[in-house]
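Q:
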Amino acid sequence: MAARVFLLFTLGYFLSYFYRSANAVLAKDLSQDLGLGPAELGFMTSLFYLSFAAVQLPLGSLLDRYGPRIITPALLLVASLGSVVFGLAQGFPTLALGRALIGVGMAAALMGSLKAFSLWFPRTYATVSTLLVGVGATGGLLAATPLALMKEAMGWRGVFLLGAGVVVLVALLIYLGVRNTPPGVPWPKGGGGGGLREVLGNSRLLRVAFLALAFAGSFLALQTLWAGAYAYALGLEAVKVGNLLLLYSGGAVLGFLVSGYLADRLGTARVLVGAAFFFALGLLLALFKLLALAYPLMGFFGAFNILTLTQARELVPPHLVGRGTTLVNLFGIGGTFLLQWGVGVAVGTLGYAFAFGSLLGLLLLALFLYRPLLGLGKTSG
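Be aware that the sequence shown starts at 0, since it is given in numbering that gives the first Met the number 0, and climbs by one per residue.
#1: Taking 8 angstroms as the CB-CB limit, is leucine 338 close to chain B?
#2: Can you tell me whether asparagine 179 is helix, strand or coil according to DSSP?
#3: Excluding the 5 residues preceding and the 5 following alanine 38 in the sequence, name in chain order all residues of the same chain whose CB lies nearer than 6 angstroms to its CB.
#4: Quick one: which unbroken alpha helix (DSSP H) runs of 4-plus residues sit fully inside the region 54–105? Chain order, please.
#5: Once the 5 residues before and after tyrosine 174 are set aside, which same chain residues still bring their CB inside 8 angstroms of it?
#6: For alanine 230, I'd like the list of residues in its chain whose CB is within less than 7 angstroms of its CB, leaving aside the five on either flank, ordered along the chain.
#7: Does DSSP put tryptophan 340 in a helix, in a strand, or in coil?
#8: Report buried or exposed for alanine 184, applying the criterion of at least 16 other Cβ atoms within 10 angstroms of its Cβ.
#9: I need the DSSP call for alanine 143, collapsed to helix, strand or coil.
#10: Alpha helix (DSSP H) containing arginine 203: first to last residue?
#11: Are isoleucine 101 and phenylalanine 47 close, meaning C-beta to C-beta below 8 angstroms?
#12: Report buried or exposed for glycine 381, applying the criterion of at least 16 other Cβ atoms within 10 angstroms of its Cβ.
#13: Can you give the Cα-Cα distance for valine 54 and alanine 78, rounded to whole angstroms?
#14: Under the rule that 16 or more other beta-carbon atoms within 10 Å means buried, what is proline 57, buried or exposed?
#15: By the 10 Å Cβ neighbour count, where 16 or more other Cβ atoms means buried, how is methionine 43 classified, buried or exposed?
#16: Would phenylalanine 336 and serine 45 qualify as a contact pair, given that the criterion is a beta-carbon distance under 8 angstroms?
#17: I'd like to know if the region 197–216 and the region 141–153 are in contact, where contact means that at least 3 CB-CB pairs between them fall below 8 angstroms.
#18: By alpha-carbon positions, which one of Ala152, Arg3, Arg19 and Val24 ends up nearest to leucine 235?
#19: Work out the CA separation of leucine 271 and asparagine 304 for me, nearest whole Å.
#20: Buried or exposed for phenylalanine 218, going by 16 or more other Cβ atoms inside 10 Å?
#21: Have a look at His318, Lys27 and Tyr351 and flag the residue whose alpha-carbon is nearest the alpha-carbon of glutamate 197.
#22: Rounded to the nearest angstrom, what separates serine 50 and valine 103 at their Cα positions?
#23: Which residues bound the alpha helix (DSSP H) around glycine 250?
#24: Assuming glycine 138 and serine 15 are in contact, meaning their beta carbons sit under 8 angstroms apart, how far apart are those beta carbons, in whole angstroms?
#25: Would DSSP call glycine 350 helix, strand or coil?
#26: Given 8 angstroms as the limit, is there contact between the region 325–334 and the region 277–291, that is, 3 or more CB pairs closer than that?
#27: Judging by CA-CA distance, which residue of Ala251, Leu296, Leu75 and Lys150 is the nearest neighbour of phenylalanine 277?
#28: Check whether the region 118–136 and the region 243–263 are in contact - that is, three or more C-beta pairs closer than 8 angstroms.
#29: If you draw a straight line from the alpha carbon of valine 167 to that of valine 207, how long is it in whole angstroms?
#30: What does the alpha-carbon distance come out to for the pair alanine 95 and glycine 41?
#31: Who are the near neighbours of leucine 80 in its chain, counting only those whose CB is closer than 8 angstroms to its CB and skipping five residues on each side?
Written out as structure tokens, the structure is:
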């Protein structure tokens, strides 16, 4: 049963990663077919993260109260509806609505998995959760060269209509195939609003959350749109762009898989800070148009942002894991919305150099504010 729990929740996260990443390959087609400019493209794509972020705090309470077996598949059905709306869209408003519904529907894919794993795998949580993200992030690989080829074969609309059926199937498999807790393990009783006040009053958790905003936000804003759009702007064709995104997403898969191992041995805080600096180096290489070096570097080290969620679990008691991790995820996903939209505005007015430089400055500010956590030691963070 434990293996089935891991597999089915990982399938859900795989789909979430595919959908969040798809617009990077489809950017040129969406712009041409529907007449979207950079700001509209960035805003529409970022709606995944805005709607995703908007439901994080109520989602945490729902997961703590009812469990992921019910909540995760219920929201996946919303994502399926969004995929249909997106695939049938004839204009910006309908396209934006579809993207937002997909974001709401995928909001529990990772958080529901982490809540389940905290009970199914309490002694190996860090290892299993980073394995989940590493395997699930292969959805980003599917949204690279394979998506470019699928798009050429069936069109981007066909991809989204087919995907809607796959999402429904995975939702049913999760509902029918998993339990909230292992046999004999009681469901922990979470608190009400007091629990939310407790996590909001945790200053260390808020420092981690702001780092998630800058680090995860930049990593995802690039992976799921602007890394592809930037490559297109440099004159590359779709398959070459897909290959570069494959390097980015392939690096991310490796980064997710090793991040937990390194954090367990070197300390979460130190690993996070080191990875963020290497991600910043990747941004600089991208500005010098060395994409074949920059993209795998940003993918690999950017993936270490997932450790902000691991650290969040370490800073809250068991009955508040849902709310603590969704708070940090709210900042990370909300940051992705703000940065993905903001990069679009900056590119449309001041160009990529200013946009990427702003991401770099925000990341350095977050690291400065994060400094006190470096003294927590290996066991606390």
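The beta-carbon is built from N, C-alpha and C at its ideal position, and this holds for glycine as well. Fair warning: this is a prediction, and the values are worked out from it, not measured in the lab.
A: Taking the structure as given:
#1: In summary, chain B is missing from the structure at hand, where a single protein chain is found.
#2: Three-state result, asparagine 179: coil.
#3: Taken in chain order, the residues that qualify are Gly343, Val344 and Gly347.
#4: DSSP runs (the alpha helix (DSSP H)) wholly in the region 54–105: 55–65, 67–87 and 91–104.
#5: Cβ within range, chain order: Arg68, Ile69 and Pro72.
#6: These residues qualify, in order along the chain: Val240, Leu243 and Leu290.
#7: Tryptophan 340: helix per DSSP, three-state reduction.
#8: Rather than alanine, the amino acid found at residue 184 in this sequence is valine. Valine 184 should be labelled exposed.
#9: It is coil, neither helix nor strand.
#10: Segment 202–220, the alpha helix (DSSP H) holding arginine 203.
#11: Yes, the Cβ-Cβ distance between isoleucine 101 and phenylalanine 47 is below 8 angstroms.
#12: Summary: the structure shown does not reach residue 381, with the chain confined to residues 0 through 380, and so no result is reported for it.
#13: Between valine 54 and alanine 78, the C-alpha separation is close to 13 angstroms.
#14: It is exposed - the Cβ of proline 57 has fewer than 16 other Cβ atoms within 10 Å.
#15: The residue is buried, with at least 16 neighbouring Cβ atoms inside 10 Å.
#16: Yes, the Cβ-Cβ distance between phenylalanine 336 and serine 45 is below 8 angstroms.
#17: Counting Cβ pairs under 8 angstroms, fewer than three are found: no touch.
#18: The candidate whose alpha carbon is nearest that of leucine 235 is Val24.
#19: If I take the Cα positions, the gap works out to 7 angstroms.
#20: With 16 or more Cβ atoms within 10 Å of its Cβ, phenylalanine 218 is classed as buried.
#21: Of the listed residues, the one whose Cα sits closest to glutamate 197 is His318.
#22: Taking the straight line from one Cα to the other gives about 5 angstroms.
#23: 237–265 is the extent of the alpha helix (DSSP H) around glycine 250.
#24: Yes, glycine 138 and serine 15 are in contact; Cβ-Cβ is about 7 angstroms, under 8 angstroms.
#25: Here glycine 350 sits in coil by DSSP.
#26: Verdict: no, contact absent.
#27: The shortest Cα separation from phenylalanine 277 among Ala251, Leu296, Leu75 and Lys150 belongs to Leu296.
#28: Because the criterion of three Cβ pairs below 8 angstroms is met, the region 118–136 and the region 243–263 touch.
#29: Counting only the Cα atoms, valine 207 lies some 34 angstroms from valine 167.
#30: The alpha-carbon atoms of alanine 95 and glycine 41 are separated by roughly 11 angstroms.
#31: Same-chain partners within the cutoff: Leu100, Gly104 and Ala163.
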